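Enquirer: Input: one structure, supplied below.
2 protein chains.
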Amino acid sequence: MGLAKTEIFTDTQNQIALYAKVFGHPARVAILEHLFKMNTCVCGDLVLEIGLAQPTISQHLKELKHLGLIQGTIEGTSVCYCINRENWTGMKSVMTAFLNQDITKQQQCC
Amino acid sequence: MGLAKTEIFTDTQNQIALYAKVFGHPARVAILEHLFKMNTCVCGDLVLEIGLAQPTISQHLKELKHLGLIQGTIEGTSVCYCINRENWTGMKSVMTAFLNQDITKQQQCC
DNA sequence: TCTATTAATCGTAATATTGCAATGAAACAA
DNA sequence: TTGTTTCATTGCAATATTACGATTAATAGA
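Quick look at the structure:
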């Protein structure tokens, strides 16, 4: 089907999956790492840096923007992209809670 | 294409994407949360708990096992699944490093 | 105005993912 | 042995994702 049955899961489970999905492609990971490292976050620089075609990068940026993890402002003919710090922090708390589930309490059963 | 150009990214970027991808479906998130909470981690219980068909759950378990995040041992006609703590910890350090990139140092540029 | 630059969007081909019915395989019970 | 239970695998249909050429829209500069 290619279509996840989101209605049978909790909001938190769906949200974790949505965030994880957007990190599930190395190009988007690379874009985010670059935005963290650099201040020159113009779209064209990302195209050069990453080595995918401009429409492809633009599509990945759109997905990151859709989740609110980045934002873009128009500067002349360029568009400057940045991490949205507030939303990144929010995402981080959701994901960290998932990753930090306690495994020490229970005895291993297999 | 539907095919990621993994060769143009770093090993770390690809690894982050692989881990994130497996968390990118709410059923797998639910399976992992259930394994953390319960000791009764038999496959049939997961099918009842989650509400997808048995072959579908089996497929999700396979993907989690393939990344080493869970392991299964045969117990009669059942199979008992558990979190692989060592690999979970390893994954956690990779993902946490990505999520905790420093955003305070740089000035916002857009 | 005309042209160049930059990035978004459209359209499409190739591939991947999701879900399940049907079937197989392995262990147990009678 | 025969039947039952449990889970994995196969095969397939529906949908999603990835990548990019072609085009469009918007701004800047001559």
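Those protein sequences? They're chains A and B, same order as listed.
FYI, in my numbering the residues of the first sequence are 8 to 117.
FYI, in my numbering the residues of the second sequence are 8 to 117.
Backbone N, C-alpha and C define an ideal beta-carbon position, used for all residues, glycine too.
Just so we're clear, the structure is a prediction, and the values are computed from it rather than from any experiment.
#1: Considering glutamine 82 (chain B), what are the terminal residues of the beta strand (DSSP E) in which it resides?
#2: Check whether the Cβ atoms of glycine 31 (chain A) and glycine 75 (chain B) sit closer than 8 Å, and answer yes or no.
#3: Using a Cβ-Cβ cutoff of 8 Å, what residues of the segment 49-70 of chain B are near chain A? List them in chain order.
#4: Starting from valine 29 (chain A), trace the alpha helix (DSSP H) in both directions and tell me its first and last residue.
#5: On a CA-only basis, which of A:Cys117, A:Lys72, A:Thr96 and A:Glu56 is nearest lysine 81 (chain B)? Give me that one, please.
#6: Going by C-alpha to C-alpha distance, which of B:Phe16, B:Leu25, B:Met8 and B:Leu71 sits closest to leucine 42 (chain B)?
#7: When you compare the CB of glycine 75 (chain B) with every CB in chain A, is at least one pair closer than 8 Å?
#8: Buried or exposed: methionine 98 (chain B), going by 16 or more other Cβ atoms within 10 Å of its Cβ?
#9: Would the segment 57-70 of chain A count as touching the segment 22-40 of chain A if we require 3 or more Cβ pairs under 8 Å?
#10: Counting only beta-carbon separations shorter than 8 Å, does lysine 99 (chain B) have a partner in chain A?
#11: Give the residues of chain B in contact with histidine 32 (chain A), contact being defined as C-beta atoms less than 9 Å apart.
#12: By the criterion of Cβ-Cβ separation under 8 Å, what are the contact partners of threonine 103 (chain A) in chain B?
#13: Does any CB atom of chain B fall closer than 8 Å to the CB of asparagine 94 (chain A)?
#14: Kindly list the residues whose CB is nearer than 8 Å to the CB of valine 101 (chain B), restricted to its own chain and excluding five residues on each side of it in sequence; keep chain order.
#15: Chain A beta carbons: is any one of them nearer than 8 Å to that of glycine 79 (chain B)?
Expert: With the structure as the only source:
#1: Start at 1 with the first residue of the second sequence, and residue 82 (chain B) comes out as number 75. The question names glutamine, but residue 82 (chain B) is glutamate in the sequence shown. First-last of the beta strand (DSSP E) with glutamate 82 (chain B): 77-82.
#2: Indexing the first sequence from 1 puts residue 31 (chain A) at position 24. Indexing the second sequence from 1 puts residue 75 (chain B) at position 68. Going by C-beta atoms, glycine 31 (chain A) is not nearer than 8 Å to glycine 75 (chain B).
#3: Ile57, Gly58 and Leu59
#4: Here the question's residue 29 (chain A) lines up with position 22 in the first sequence. Unbroken alpha helix (DSSP H) run through valine 29 (chain A): 18-29.
#5: Taking the first residue of the second sequence as 1, we reach residue 81 (chain B) at position 74. Correcting the residue identity first, residue 81 (chain B) is isoleucine in this sequence and not lysine. The shortest Cα separation from isoleucine 81 (chain B) among A:Cys117, A:Lys72, A:Thr96 and A:Glu56 belongs to A:Cys117.
#6: Numbered from 1 along the second sequence, position 35 holds the residue referred to as residue 42 (chain B). That would be B:Leu71, whose Cα lies nearest to the Cα of leucine 42 (chain B).
#7: Sequence index remark: in the second sequence, residue 75 (chain B) carries index 68 (1-based). Chain A contact via Cβ: absent.
#8: Along the second sequence, read from residue 1 onward, the residue named residue 98 (chain B) stands at position 91. With 16 or more other Cβ atoms within 10 Å, it is buried.
#9: yes
#10: Taking the second sequence and counting its residues from 1, one reaches residue 99 (chain B) at position 92. For lysine 99 (chain B), the answer is yes, since a Cβ of chain A falls inside 8 Å of its Cβ.
#11: Residue 32 (chain A) sits at position 25 when you count from the first residue of the first sequence. Those are Ala11, Ala24, Ala27 and Lys28, listed as they occur along chain B.
#12: Walking along the first sequence from the start, residue 103 (chain A) turns up at place 96. Ordered by position in chain B, the residues that pass the 8 Å Cβ test against threonine 103 (chain A) are Thr103 and Leu106.
#13: In the first sequence, counting from the first residue as 1, residue 94 (chain A) sits at position 87. It does not; no Cβ of chain B falls within 8 Å.
#14: Stepping through the second sequence from its first residue, residue 101 (chain B) is reached at position 94. Excluding sequence neighbours, valine 101 (chain B) sits near Thr19, Gln22, Ile23 and Tyr26.
#15: One-based indexing of the second sequence puts residue 79 (chain B) at position 72. Chain A contact via Cβ: present.
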